[in-house]
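**Q** Starting off with a structure, shown below.
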């Protein structure tokens, strides 16, 4: 069973946002830290070494992440992994080039620009793109839903 090609293009168009969300969550999530406290120099201290474990957060969120944040992170991480594996392993080199430069690159190009760079006819590039989307539709079938990217438009 494959998914609709529109869902494939939606996943690909959101790839960079999913990837950024994964990286940012991992950068700012709270992480466990361990330390040793020795109370021998303190008045009424036992002198025994005591181990403690604490969760230290990063400044961005003061260590507070919700269960929903963890769920989103896991979902986005799985989708990024599926997209990257599929693009690298399923597509031919030409199809990979088109998908990568149209959807995944930091400075995406349209098919016309890709045709110029590859010195190929635009119909050939379009054919590679359609074939790649078809292959990716099959490969992405394990993704149950296309997660929505929240839009925090500050101009409201």
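Numbering (UniProt numbering), first residue to last: 1 to 156. Glycine included, every Cβ here is placed at the ideal spot set by N, Cα and C. Predicted, not measured: the structure shown is a model, and the values here were computed from it.
Pairs of beta-carbons, one from the segment 102-122 and one from the segment 65-76, closer than 8 angstroms: are there three or more?
**A** no
**Q** Taking the alpha helix (DSSP H) that residue 128 belongs to, which residues open and close that run?
**A** Mapped onto the chain shown, residue 128 falls at position 128. Element bounds for residue 128: 122-139.
**Q** Considering Cα atoms alone, identify which of 128, 79, 127, 96 is closest to residue 141.
**A** Within the chain shown, numbered from 1, the residue matching residue 141 stands at position 141. Among 128, 79, 127, 96, the Cα nearest to that of residue 141 is on 79.
**Q** Taking 9 angstroms as the threshold (C-beta atoms), are residue 125 and residue 146 in contact?
**A** Locating residue 146 in the chain shown gives position 146, where the first residue counts as 1. Locating residue 125 in the chain shown gives position 125, where the first residue counts as 1. Cβ atoms of residue 146 and residue 125: not closer than 9 angstroms.
**Q** Alpha carbon to alpha carbon, how far is residue 148 from residue 119?
**A** For the purposes of this step, residue 148 is identified with residue 148 of the chain shown, where counting begins at 1. For the purposes of this step, residue 119 is identified with residue 119 of the chain shown, where counting begins at 1. Those two C-alpha atoms are separated by around 36 angstroms.
**Q** What are the boundary residues of the alpha helix (DSSP H) that includes residue 24?
**A** Here residue 24 corresponds to residue number 24 of the chain shown, with the count starting at 1. Per DSSP, residue 24 belongs to the alpha helix (DSSP H) from 5-28.
**Q** According to DSSP, is residue 83 helix, strand or coil?
**A** Taking the first residue of the chain shown as 1, we reach residue 83 at position 83. If DSSP states are grouped into helix, strand and coil, residue 83 belongs with the helices.
**Q** What's the C-alpha gap between residue 131 and residue 122?
**A** Against the chain shown, residue 131 aligns to sequence position 131. Against the chain shown, residue 122 aligns to sequence position 122. For residue 131 and residue 122, the distance between alpha carbons rounds to 14 angstroms.
**Q** DSSP three-state label for residue 91, please.
**A** Translated into the one-based positions of the chain shown, residue 91 becomes position 91. For residue 91, the three-state secondary structure derived from DSSP is coil.
**Q** Buried or exposed: where does residue 22 fall if 16 or more other Cβ atoms within 10 Å of its Cβ makes it buried?
**A** As a position in the chain shown, residue 22 is number 22, starting the count at 1. Per the 10 Å Cβ criterion, buried.
**Q** So residue 83 packs on residue 11, CB below 8 angstroms; how close in whole Å?
**A** Here residue 83 refers to the residue found at position 83 of the chain shown. Here residue 11 refers to the residue found at position 11 of the chain shown. So it is a contact: roughly 6 angstroms between Cβ atoms.
**Q** Within 10 angstroms of its Cβ, does residue 135 collect 16 or more other Cβ (buried), or is it exposed?
**A** Translated into the one-based positions of the chain shown, residue 135 becomes position 135. Burial is judged here by how many other beta carbons sit within 10 angstroms of a residue's own beta carbon; residue 135 has at least 16 and is buried.
**Q** According to the neighbour-count rule (16 or more other Cβ atoms, all chains shown, within 10 Å of its Cβ), is residue 91 buried or exposed?
**A** As a first step, residue 91 must be located in the chain shown, where it is residue number 91. Buried, by the Cβ-count rule.
**Q** Can you find the residues in the same chain that come closer than 8 angstroms, C-beta to C-beta, to residue 8, ignoring five residues on each side of it along the sequence?
**A** Working through the chain shown from its first residue, we reach residue 8 at position 8. Around residue 8: 133, 136, 137, 140.
**Q** Mind checking whether the beta-carbon of residue 119 lies closer than 8 angstroms to any heavy atom of the ligand NAD?
**A** Ligands in the displayed structure: none, and consequently the ligand NAD is not present.
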